[in-house]
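Here is the structure we will look at.
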Amino acid sequence: MASETFVSALLLVTGVVAAAILIVAVLPVLWGMVGTFSSSSAATDKSMRTDFKIVTTFAKYAPGAVPPPWAGVCATIWMKNIGTARIGTGDLNLADVYFGKSDNFGRGTLNSPPGSAISRNLQYAIPWNYSIKETTTNNVWEPGETVEVNAFFPYPSTLSGQPMYFQFTLPGAVSRSTEFTAI
């Protein structure tokens, strides 16, 4: 009888120690996984709620009469926020713009306001700027509001009738592109 009590007590102590070791080893891993899943879920949620559409485009050859002082194509692109997420000016300032001829385009350099020192000093740069056409004054691209993007592709001769390429990519990798013809 005493041996059965001793064996039972030994098994009980062994079980408690094993459970404690398991809890100490497994709990940090579980908490780490919960943190990873929640941050991944938040990023996916923001990406899914962020959406915009290129509404219309217009590109016209400028023979050097507009800043910057060299010839090229001035394009205006209007985009509508069709998602449910608000897009702040911080994200818009970090956006990537690619613009130019369909077979010869480059990454743009944000400059604001149009014709600033940046665009005048970077020969063959692709300067671009944006303005939120909003109904409120909070400097946030709200759902349903429009952003106007202006981009300039320097080119020494006319590109009238040539296909142009434009792509706008937000820091969260939501991207839209279009091809259109310069007039």
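Numbering-wise, the sequence shown is residues 41 to 223 according to my numbering.
Every residue, glycine too, gets a C-beta built ideally from N, C-alpha and C.
Remember, it's a predicted structure, so these values are computed and weren't measured experimentally.
Tell me whether P203 is buried or exposed, calling it buried when 16 or more other Cβ atoms sit within 10 Å of its Cβ. The residue given as residue 203 occupies position 163 in the sequence shown. A residue is called buried once 16 or more other Cβ atoms fall within 10 Å of its Cβ, and P203, having fewer, is exposed.
With which residues is L150 paired in a DSSP beta bridge? By 1-based counting over the sequence shown, the position of residue 150 is 110. Paired residue(s): W168.
Taking only the alpha-carbon atoms, compute the straight-line gap between F208 and N190 and give it to the nearest angstrom. In the sequence shown, counting from the first residue as 1, residue 208 sits at position 168. In the sequence shown, counting from the first residue as 1, residue 190 sits at position 150. Rounded to whole angstroms, F208 to N190 spans 12 Å at the Cα level.
DSSP bridge partner residues for S215 (one or two, in chain order): Counting from one through the sequence shown, the residue named residue 215 turns up at place 175. Beta-bridge annotation (DSSP): S215 is paired with T209.
Taking the alpha carbon of I122 as the point to measure from, which residue in A99, T97, R147 and S87 has its own alpha carbon closest? Working through the sequence shown from its first residue, we reach residue 122 at position 82. Shortest Cα-Cα distance from I122 to any of A99, T97, R147 and S87 involves S87.
Using a Cβ-Cβ cutoff of less than 7 Å, which residues in the same chain neighbour T124 once the five nearest sequence positions on both sides are dropped? As a first step, residue 124 is located in the sequence shown; it is residue number 84 there, counting from the start. If we look at T124 and ignore the five residues flanking it on each side, its Cβ neighbours are R89 and P183.
Under the three-state DSSP convention, the category A125 falls into: As a first step, residue 125 must be located in the sequence shown, where it is residue number 85. Reduced to three states, the DSSP call for A125 is coil.
So, Y101 versus S217, is the Cβ gap smaller than 9 Å? Along the sequence shown, read from residue 1 onward, the residue named residue 101 stands at position 61. Along the sequence shown, read from residue 1 onward, the residue named residue 217 stands at position 177. The Cβ atoms of Y101 and S217 lie no closer than 9 Å to each other.
I believe W118 touches V95 by the beta-carbon criterion, under 8 Å. Please report the beta-carbon distance rounded to the nearest angstrom. Working through the sequence shown from its first residue, we reach residue 118 at position 78. Working through the sequence shown from its first residue, we reach residue 95 at position 55. The pair is a contact, with the Cβ atoms about 5 Å apart (cut-off 8 Å).
For V66, collect the residues of the same chain with a Cβ closer than 7 Å to its Cβ; drop the 5 residues on either side in sequence, then sort them by chain order. Counting from 1 along the sequence shown, the entry for residue 66 is found at position 26. Within the same chain, V66 has no close Cβ partners at all.
Please list the terminal residues of the continuous beta strand (DSSP E) segment that includes P194. Here residue 194 refers to the residue found at position 154 of the sequence shown. Here the beta strand (DSSP E) through P194 covers T186 to P194.
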